[in-house]
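Peer 1: Let me give you the structure first, and then I'll get to my questions.
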Amino acid sequence: MSPSRRSQVRFFLHQLPFFIILVALWMLLWGQLTWLALITGLAAAVFVTRVFRLPPVDLSGRLNIWYGFVFVVTFLGAVVRGSLVVAWQVLDFRRAPGAAIIAVPLRVDDDVIMAHTAVTASLIPGSLIVDVDREGRTLFLHTIGIRSDEDAEHQRRVVLGWEARITRAVGSRAQLADLRRQIAEADDHAHLGAASPRDGRTPL
Numbered sequence: 006m007s008p009s010r011r012s013q014v015r016f017f018l019h020q021l022p023f024f025i026i027l028v029a030l031w032m033l034l035w036g037q038l039t040w041l042a043l044i045t046g047l048a049a050a051v052f053v054t055r056v057f058r059l060p061p062v063d064l065s066g067r068l069n070i071w072y073g074f075v076f077v078v079t080f081l082g083a084v085v086r087g088s089l090v091v092a093w094q095v096l097d098f099r100r101a102p103g104a105a106i107i108a109v110p111l112r113v114d115d116d117v118i119m120a121h122t123a124v125t126a127s128l129i130p131g132s133l134i135v136d137v138d139r140e141g142r143t144l145f146l147h148t149i150g151i152r153s154d155e156d157a158e159h160q161r162r163v164v165l166g167w168e169a170r171i172t173r174a175v176g177s178r179a180q181l182a183d184l185r186r187q188i189a190e191a192d193d194h195a196h197l198g199a200a201s202p203r204d205g206r207t208p209l
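Counting with the working numbering, you get residues 6 to 209 for the letters of the sequence shown.
Right, here's the structure in full:
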């Protein structure tokens, strides 16, 4: 096999997961798990990938099955808990739930992890991504249940916790090591009496 042919095969295998995701999204969009939905999904995925030729997404090449499982279970629990909390806030007529738009500076410089973190934060009831600063690696969330600066800081730590879980599951070893270093530095500053709390206190 020639080098050019080998590189084409490597590129195809590298982008295959995204192709499969497009097909799955198409089938979920129509709510049908049929051969017709599969064939039309394949056609739509080919059309999208050939017409809208976006830059390829670089994956870390690392997948931790255990931490991926932990992420899924934790996420499902957070969705259930978020639904109950939002329902209670709506039914509690004694006081308004409060809302705010907060900025969450992320620590991992990776578009895929940023996208996963943004989608995760939006899918949990009570918060929604309203803007993303890709250059500054910052997510802006509209969050209900915010009545004080402490509530806003807690929500930032929650989002950073999801970033940490996602990094443990699919981040590269270099990203994981850098995140551990940043958390350790945040702990040191907290012990020294710094104003910033320990961010994303998820053990790594």
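Backbone N, C-alpha and C define an ideal beta-carbon position, used for all residues, glycine too.
Please read these numbers as outputs of a predicted model, since none were measured by experiment.
According to DSSP, is P208 helix, strand or coil?
Peer 2: For this step, residue 208 is matched to residue 203 along the sequence shown. Per-residue confidence for P208 stands at a pLDDT of 45, beneath the threshold of 50, marking its modelled position as unreliable; the derived number appears in the next sentence. Note: P208 maps to coil in three-state DSSP.
Peer 1: Taking only runs that begin and end inside the region 109-188, name each unbroken beta strand (DSSP E) of 3 or more residues, in chain order.
Peer 2: Those beta strand (DSSP E) runs which fall completely within the region 109-188 and span 3+ residues are 132-138 and 143-149.
Peer 1: Roughly how many angstroms separate the alpha carbons of A50 and W167, rounded to a whole number?
Peer 2: Here residue 50 is taken as the residue at index 45 of the sequence shown, counted from 1. Here residue 167 is taken as the residue at index 162 of the sequence shown, counted from 1. Rounded to the nearest angstrom, the two C-alpha atoms are 29 Å apart.
Peer 1: With burial defined as no fewer than 16 other Cβ atoms inside 10 Å of the residue's Cβ, what is the status of A123: buried or exposed?
Peer 2: Along the sequence shown, read from residue 1 onward, the residue named residue 123 stands at position 118. By the 10 Å Cβ count, A123 comes out buried.
Peer 1: To which residues of the same chain is I151 closer than 8 Å at the C-beta, ignoring the five residues directly before and after it?
Peer 2: The residue given as residue 151 occupies position 146 in the sequence shown. For I151, where only same-chain residues beyond five positions count, the Cβ hits under 8 Å are G103, A104, A105, I107, A157 and Q160.
Peer 1: What's the C-alpha gap between F98 and I149?
Peer 2: Translated into positions along the sequence shown, residue 98 becomes position 93. Translated into positions along the sequence shown, residue 149 becomes position 144. Spanning the two alpha carbons is a distance of roughly 15 Å.
Peer 1: Am I right that A169 and L146 are in contact with their C-beta atoms under 8 Å? What's the rounded C-beta distance?
Peer 2: Working through the sequence shown from its first residue, we reach residue 169 at position 164. Working through the sequence shown from its first residue, we reach residue 146 at position 141. Wrong, their Cβ atoms sit about 17 Å apart, outside the cutoff.
Peer 1: Please state if the CB of L144 and the CB of L111 are separated by a distance shorter than 8 Å.
Peer 2: Along the sequence shown, one-based indexing puts residue 111 at 106. Along the sequence shown, one-based indexing puts residue 144 at 139. Yes; because the gap between Cβ atoms is below 8 Å, this pair is in contact.
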